[in-house]
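Asks: The listed protein sequences derive, respectively, from chains A and B. Last residue of the first sequence: number 323 in this note's numbering, and the count goes up by one each step with no gaps. Last residue of the second sequence: number 286 in this note's numbering, and the count goes up by one each step with no gaps.
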Amino acid sequence: MASVAQTAPVDSAALRVANAAFWLVTRSFSIVALAVAWELLARSGMFTPFQLPALSNVGLRIWSDVTSGEFAINAGLTLYRAMTGFFICAVLGVLIGMAMSRNAIAHWFFDPLVSVGFPMPKTAFIPVVILWLGVYDVSKITIIVIDAIFPVITATVIAIQGVERELVWSARNMGANNREVLTQIVLPAALPQIMTGLQVALPLCLIVAVVAEMLMGGYGLGGAMMTASRFANSTGVFAGIVEIAIVGYILVKAMSLIRRRLLIWHQEAHDPSTA
Amino acid sequence: MSSVAAAPVERTALQSWAENAWRTFHRYSPLLLLAIAWELAARLELVSTTALPPLSDVIASWVALLRDGDLQANAGASLFRVGAGLGLAIGIGAALGIAMAWWKPVNVLLAPLVEIFYPLPKSALIPVTVIWLGFGDASKILLIFLGCMLPVTIGAYNGARSSDQMLLWSARSMGAGRLRVLRDVVLPSAMPELLSGIRIALALSFILLVSAELIVARKGFGYLIGFLGANGSYDAMYAVVLTVAFLGFAADRLYLLIARRALIWRA
Chain A
49 MASVAQTAPV DSAALRVANA AFWLVTRSFS IVALAVAWEL LARSGMFTPF QLPALSNVGL
109 RIWSDVTSGE FAINAGLTLY RAMTGFFICA VLGVLIGMAM SRNAIAHWFF DPLVSVGFPM
169 PKTAFIPVVI LWLGVYDVSK ITIIVIDAIF PVITATVIAI QGVERELVWS ARNMGANNRE
229 VLTQIVLPAA LPQIMTGLQV ALPLCLIVAV VAEMLMGGYG LGGAMMTASR FANSTGVFAG
289 IVEIAIVGYI LVKAMSLIRR RLLIWHQEAH DPSTA
Chain B
20 MSSVAAAPVE RTALQSWAEN AWRTFHRYSP LLLLAIAWEL AARLELVSTT ALPPLSDVIA
80 SWVALLRDGD LQANAGASLF RVGAGLGLAI GIGAALGIAM AWWKPVNVLL APLVEIFYPL
140 PKSALIPVTV IWLGFGDASK ILLIFLGCML PVTIGAYNGA RSSDQMLLWS ARSMGAGRLR
200 VLRDVVLPSA MPELLSGIRI ALALSFILLV SAELIVARKG FGYLIGFLGA NGSYDAMYAV
260 VLTVAFLGFA ADRLYLLIAR RALIWRA
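#1: Assign B:Arg86 to buried or exposed, taking buried as 16 or more other Cβ atoms, counted over all protein chains shown, within 10 Å of its Cβ.
#2: In three-state DSSP terms, what is A:Phe173?
#3: If distances are taken between C-alpha atoms only, which option among B:Leu107, B:Ser142, B:Phe265, B:Val205 comes closest to A:His292?
#4: Have a look at B:Leu162, B:Ser181, B:Asn177 and flag the residue whose alpha-carbon is nearest the alpha-carbon of B:Gly102.
#5: Given this structure, state the Cα-to-Cα distance separating A:Leu89 from B:Arg46, to the nearest angstrom.
#6: Is there a Cβ of chain A sitting closer than 8 Å to that of B:Phe164, yes or no?
#7: With 8 Å set as the bound, which would you pick, yes or no: does the beta-carbon of A:Phe70 sit closer than that to a beta-carbon of chain B?
#8: Report buried or exposed for A:Ala68, applying the criterion of at least 16 other Cβ atoms within 10 angstroms of its Cβ.
#9: Since A:Glu118 and A:Lys188 are thought to touch, with beta carbons under 8 Å apart, how far apart are those beta carbons, to the nearest angstrom?
#10: If we count the other Cβ atoms within 10 Å of its Cβ and call it buried at 16 or more, is A:Thr171 buried or exposed?
#11: Listed in chain order, which residues of the stretch 125-157 of chain B have Cβ atoms closer than 8 Å to some Cβ of chain A?
#12: Check each residue of the stretch 231-243 of chain B: if its Cβ is closer than 8 Å to any Cβ of chain A, include it; give the result in chain order.
#13: Give the range of the alpha helix (DSSP H) segment to which B:Trp284 is assigned.
#14: How is the alpha helix (DSSP H) around B:Tyr137 delimited, first residue to last?
#15: What residue range is occupied by the uninterrupted alpha helix (DSSP H) comprising B:Met119?
#16: I'd like the list of long-range same chain contacts for A:Ala50, defined as Cβ closer than 6 Å, with 5 residues on each side in sequence excluded.
#17: Is the beta carbon of B:Pro73 less than 8 Å from the beta carbon of B:Ala61?
#18: Report all residues from its chain with a CB closer than 6 Å to the CB of A:Met264; omit the five preceding and five following residues, and keep chain order.
#19: If we count the other Cβ atoms within 10 Å of its Cβ and call it buried at 16 or more, is B:Leu243 buried or exposed?
#20: Under 6 Å Cβ to Cβ from A:Gly133, same chain only, skipping five residues before and after it: list those, please.
#21: Going by other Cβ atoms of all chains shown within 10 Å of its Cβ, with 16 needed for buried, is A:Val139 buried or exposed?
#22: The stretch 29-56 of chain B: which residues have C-beta closer than 7 Å to a C-beta of chain A, in chain order?
#23: Quick one: does the C-beta of A:Ala120 sit closer than 7 Å to a heavy atom of the ligand MG?
#24: Taking the alpha-carbon positions, what's the B:Leu132 to A:Ile79 distance?
#25: The stretch 169-189 of chain A: which residues have C-beta closer than 9 Å to a C-beta of chain B, in chain order?
#26: Starting from the C-beta of A:Thr231, find all residues in its chain whose C-beta is less than 6 Å away, skip the five residues before and the five after it, and write them out in chain order.
#27: Tell me the DSSP secondary structure of A:Gly271 in three-state form.
#28: According to DSSP, simplified to helix, strand and coil, what is A:Gln232?
#29: Going by beta-carbon coordinates alone, are A:Ala196 and A:Ala123 separated by less than 8 Å?
#30: For a test of the three-state rule: what should DSSP assign to B:Ser182, helix, strand or coil?
#31: Got a sec: is the Cβ-Cβ distance from B:Gly116 to anything in chain A below 8 Å?
#32: Report, in whole angstroms, the separation of the C-beta atoms of B:Trp81 and B:Ala258, which I expect to be a contact under 8 Å.
#33: Beta carbons nearer than 8 Å to chain D: which residues of the stretch 268-280 of chain A have them?
#34: Does the beta-carbon of B:Lys159 have 16 or more other beta-carbons within 10 angstroms, so that it is buried, or is it exposed?
#35: Between the C-alpha atoms of A:Ser304 and B:Gly88, what's the straight-line distance to the nearest angstrom?
#36: What would DSSP say about B:Arg202, mapped onto helix, strand or coil?
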C-alpha cells in the first residue's frame with residue numbers, strides 16, 4: 049500500500065503524458081484516415097475532379113482564399129450575421145421566457161405561438177422575409193432570429209419552472225425581495241438549462257445564416273459557395289464546406305468553453321464525464 | 020337507482036368535454052387574434068397587400084392550388100424525400116449510435132468523426148449533394164440523410180451508454196447472451212434519448228428539405244414557393260408557406276403522440 053503511494057506521483061506524470069499522447073493518436077486516427085481516403089479516391093480516377101476534387105487542391109484553394117483576404121471577408125460577414133442573430137435570440141428569448149413564467153398574460157399570448165412555432169420549418173418563411181425586408185443583412189438576421197429564438201424561450205421557461213422551491217423560499221425567508229430572488233436565485237439556478245437552450249440555438253443560427261446567404265446571394269460563406277456552384281467550380285464548393293465546418297467547429301467549442309466558465313460553481317463543471 | 024347514477028355521469032362527461040373545448044379555445048385564442056389582425060391589417064391597407072395579402076385571399080388560393088392538383092403533386096414529392104431520408108437516417112444512425120456505445124473500437128473510430136461533423140451546418144452540403152446526384156430526389160434524400168443522421172446517432176449513443184449497470188449484470192447473470200442483452204436491456208433503455216434524437220432529426224429534415232428545394236429543385240414545396248414568389252402570386256406563395264409550416268408542426272405532434280405511446284411502459 050505504502051509503496052504504491054510513494055511511486056504514484058512519479059509514474060502518474062509520465063503515465064499522463066503517455067496516455068494523452070495515446071489518445072491524441074487514436075482520436076486523430078480516423079480523421080487522418082478519412083483525409084487520406086479522400087485524397088486517394090480523388091486521385092484514383094474513379095471520380096471526375098468535378099465530383100470529388102482532391103483534398104490537396106481543396107487545401108490550396110482554402111489557402112488562396114485565406115491569403116487573398118476573401119476568407120476573412122466571407123467568414124467575417126457570416127459570423128457577424130449569425131452572432132448578431134444569436135445575441136438577439138439570447139436576449140429576447142430569455143426575456144420572453146422570463147415574462148412567460150412570471151406573467152399570466154404573457155404566458156397566455158406566447159405559449160400557443162411557441163408551441164406551434166417551434167416545430168415549424170421556419171426556413172419556408174425566407175421568401176416572405178425577402179418580400180418584406182429585401183435581401184440584405186436585416187432580412188438575413190431576421191430569419192436567423194425567427195429560427196433560433198424558440199429553443200431559447202422553451203429552455204428558459206422549463207429552466208425557471210425547474211428551480212427548486214426550497215431555494216426560493218429560503219431566500220425569501222432571509223428577506224430577499226422580488227428582484228433579488230430573480231437575479232441571485234432564479235437566474236443562476238436556471239442558467240445551466242438556459243445555456244443548453246443557447247447551445248441548441250447557436251448551430252441553428254449558423255445553419256440558417258448559410259441557407260439565407262445561399263438564397264439571397266452576396267458575400268458570406270454561403271453566398272461564396274453558391275457562386276462557386278453556379279460556375280461549376282466544385283473545388284470552391286468543397287473549400288466552402290471545409291471553411292464552414294471549421295467556423296462551426298470553433299463556434300461550438302467556444303460555446304462549451306463559455307458554458308464551463310459560467311457554470312464553474314455548478315456540479316457539472318467538476319464532473320469529468322461532461323467533457 | 021341506476022338512472023340516478025347514470026345522469027350525473029353523463030352530465031359530467033358533457034361538462035368535461037365543454038371544459039376541454041373551452042380550454043383549447045382559450046389556449047389557442049392568441050393565434051385566432053393574430054389571424055384576425057392579419058386580415059384587418061391587409062383589408063384596411065395598413066400594410067401593402069403585396070407584402071401581406073389578406074388571409075381570406077390566401078385561403079382562397081390554397082383551395083385553388085388544391086383544385087389544380089399542384090399542391091398534392093408537390094407535397095407528394097416533398098414527403099417522399101423526407102420519408103426516405105429520415106428513414107435511412109434513423110435506421111443507420113441508431114445502429115451506429117448503439118454500436119458506438121456497445122463496442123469500444125467502433126467508438127474510438129467514429130467518435131472523432133461525429134465530433135467534427137456534428138457542428139457542421141448541414142445546409143452547407145446542399146451544393147455538394149447537387150454535384151453528386153443532380154437536381155432530383157436523390158440529392159435531397161442524401162442531404163436529409165446526412166443532416167439527420169448525427170442527432171439520431173448521438174441520441175442512441177447517450178441512451179445506450181446510460182443503461183443501468185445493475186440491469187446489465189442481472190441479465191448477464193441470468194444467462195442472457197450479448198445479443199439478448201442488447202435487445203432486451205440496452206435497446207429499451209436507449210429508447211427515451213433515441214426518441215428525442217429522432218425528434219430533433221424530424222425538425223431538421225423539414226428545414227433541410229425546404230432549403231434544398233428553395234435553392235435547386237424542379238418539384239416539391241420549396242420549388243412551388245420559389246416559383247409562385249417569382250411569378251408574383253404572393254397569396255398562393257403564402258398558402259404554400261403556411262402549408263409547409265403546418266405539416267412540420269403536425270408531423271412533430273404526431274411524432275410526440277407515437278413516442279409517448281412507445282414509452283408508456285416507463286410510467
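Cβ atoms here follow ideal geometry from the backbone N, Cα and C, with glycine treated the same way.
Replies: The relevant details are as follows:
#1: Here the question's residue 86 of chain B lines up with position 67 in the second sequence. Classification for B:Arg86: exposed.
#2: Taking the first sequence and counting its residues from 1, the one referred to as residue 173 of chain A is at position 125. In this structure, A:Phe173 counts as helix in the three-state DSSP scheme.
#3: Residue 292 of chain A sits at position 244 when you count from the first residue of the first sequence. Note that residue 292 of chain A corresponds to Ile in the displayed sequence, not to His. Nearest C-alpha to A:Ile292: B:Ser142.
#4: Walking along the second sequence from the start, residue 102 of chain B turns up at place 83. Closest by alpha carbon: B:Leu162.
#5: Stepping through the first sequence from its first residue, residue 89 of chain A is reached at position 41. Stepping through the second sequence from its first residue, residue 46 of chain B is reached at position 27. Roughly 57 Å between the two C-alpha positions.
#6: Sequence index remark: in the second sequence, residue 164 of chain B carries index 145 (1-based). It does not; no Cβ of chain A falls within 8 Å.
#7: In the first sequence, counting from the first residue as 1, residue 70 of chain A sits at position 22. False, the Cβ-Cβ gap to chain B never drops below 8 Å.
#8: What you label residue 68 of chain A is simply residue 20 of the first sequence in a count that begins at 1. A:Ala68 counts as exposed, since fewer than 16 other C-beta atoms from the protein chains shown sit within 10 angstroms of its C-beta.
#9: Residue 118 of chain A sits at position 70 when you count from the first residue of the first sequence. Residue 188 of chain A sits at position 140 when you count from the first residue of the first sequence. Actually they do not touch by this definition, with Cβ atoms about 19 Å apart.
#10: Locating residue 171 of chain A in the first sequence gives position 123, where the first residue counts as 1. Buried, by the Cβ-count rule.
#11: Within the stretch 125-157 of chain B, Val127, Leu128, Leu129, Ala130, Pro131, Leu132, Ile135, Phe136, Tyr137, Pro138, Leu139, Pro140, Lys141, Ser142, Ala143, Leu144, Ile145, Pro146, Val147, Val149, Ile150, Trp151 place their CB atoms closer than 8 Å to a CB of chain A, listed in sequence order.
#12: Answer set for the stretch 231-243 of chain B: Leu233, Ile234, Phe240, Gly241.
#13: Here residue 284 of chain B is taken as the residue at index 265 of the second sequence, counted from 1. Note, B:Trp284: premise wrong, no alpha helix (DSSP H); not H, not E.
#14: Taking the first residue of the second sequence as 1, we reach residue 137 of chain B at position 118. Looking at the DSSP string, B:Tyr137 is not in any alpha helix (DSSP H), and its letter there is neither H nor E.
#15: Taking the second sequence and counting its residues from 1, the one referred to as residue 119 of chain B is at position 100. Element bounds for B:Met119: 89-121.
#16: In the first sequence, the residue the question calls residue 50 of chain A occupies position 2. Caution is warranted here: a pLDDT of 44 is assigned to A:Ala50, below 50, making its placement in the model unreliable, and no coordinate value can be reported.
#17: Taking the first residue of the second sequence as position 1, residue 73 of chain B is located at position 54. Taking the first residue of the second sequence as position 1, residue 61 of chain B is located at position 42. Taking 8 Å as the Cβ cut-off, B:Pro73 and B:Ala61 qualify as a contacting pair.
#18: Taking the first sequence and counting its residues from 1, one reaches residue 264 of chain A at position 216. Listed in chain order, the non-local C-beta contacts of A:Met264 below 6 Å within the same chain comprise Val183, local neighbours out to five positions each way being set aside.
#19: The residue you call residue 243 of chain B lines up with position 224 of the second sequence. It is buried - the Cβ of B:Leu243 has at least 16 other Cβ atoms within 10 Å.
#20: For the purposes of this step, residue 133 of chain A is taken as residue 85 along the first sequence, with counting starting at 1. Once the five neighbours on either side are set aside, the close Cβ partners of A:Gly133 are Ile189, Ile192, Val193, Cys253.
#21: One-based indexing of the first sequence puts residue 139 of chain A at position 91. Burial call: exposed.
#22: Of all residues in the stretch 29-56 of chain B, the ones placed with a Cβ closer than 7 Å to any Cβ belonging to chain A are Arg46, Tyr47, Pro49, Leu50, in chain order.
#23: The model on display carries no ligand, and the ligand MG is accordingly not part of it.
#24: Numbered from its first residue, the second sequence carries residue 132 of chain B at position 113. Numbered from its first residue, the first sequence carries residue 79 of chain A at position 31. So the alpha carbons of these two residues sit roughly 6 Å apart.
#25: If the cut-off is 9 Å between Cβ atoms, the stretch 169-189 of chain A has Pro169, Lys170, Thr171, Ala172, Phe173, Ile174, Pro175, Val176, Ile178, Leu179, Trp180 near chain B.
#26: One-based indexing of the first sequence puts residue 231 of chain A at position 183. Closer than 6 Å at Cβ, skipping near neighbours: no residue.
#27: Working through the first sequence from its first residue, we reach residue 271 of chain A at position 223. Secondary structure at A:Gly271: helix, using DSSP grouped into helix, strand and coil.
#28: Mapped onto the first sequence, residue 232 of chain A falls at position 184. Residue state, collapsed to three classes: helix.
#29: Within the first sequence, residue 196 of chain A is the residue found at index 148, counting from 1. Within the first sequence, residue 123 of chain A is the residue found at index 75, counting from 1. Taking 8 Å as the cut-off, the Cβ atoms of A:Ala196 and A:Ala123 do not count as close.
#30: Mapped onto the second sequence, residue 182 of chain B falls at position 163. In the three-state reduction of the DSSP assignment, B:Ser182 falls in the coil class.
#31: Locating residue 116 of chain B in the second sequence gives position 97, counting from the first residue. At a cut-off of 8 Å between C-beta atoms, B:Gly116 does not count as an interface residue with respect to chain A.
#32: Within the second sequence, residue 81 of chain B is the residue found at index 62, counting from 1. Within the second sequence, residue 258 of chain B is the residue found at index 239, counting from 1. Indeed they touch by this definition, with Cβ atoms about 4 Å apart.
#33: Structure shown: chain D not included; protein chains present are A and B.
#34: Here residue 159 of chain B is taken as the residue at index 140 of the second sequence, counted from 1. B:Lys159 should be labelled buried.
#35: Translated into the one-based positions of the first sequence, residue 304 of chain A becomes position 256. Translated into the one-based positions of the second sequence, residue 88 of chain B becomes position 69. Rounded to the nearest angstrom, the gap between the Cα atoms of A:Ser304 and B:Gly88 is 49 Å.
#36: Here residue 202 of chain B corresponds to residue number 183 of the second sequence, with the count starting at 1. Here B:Arg202 sits in helix by DSSP.
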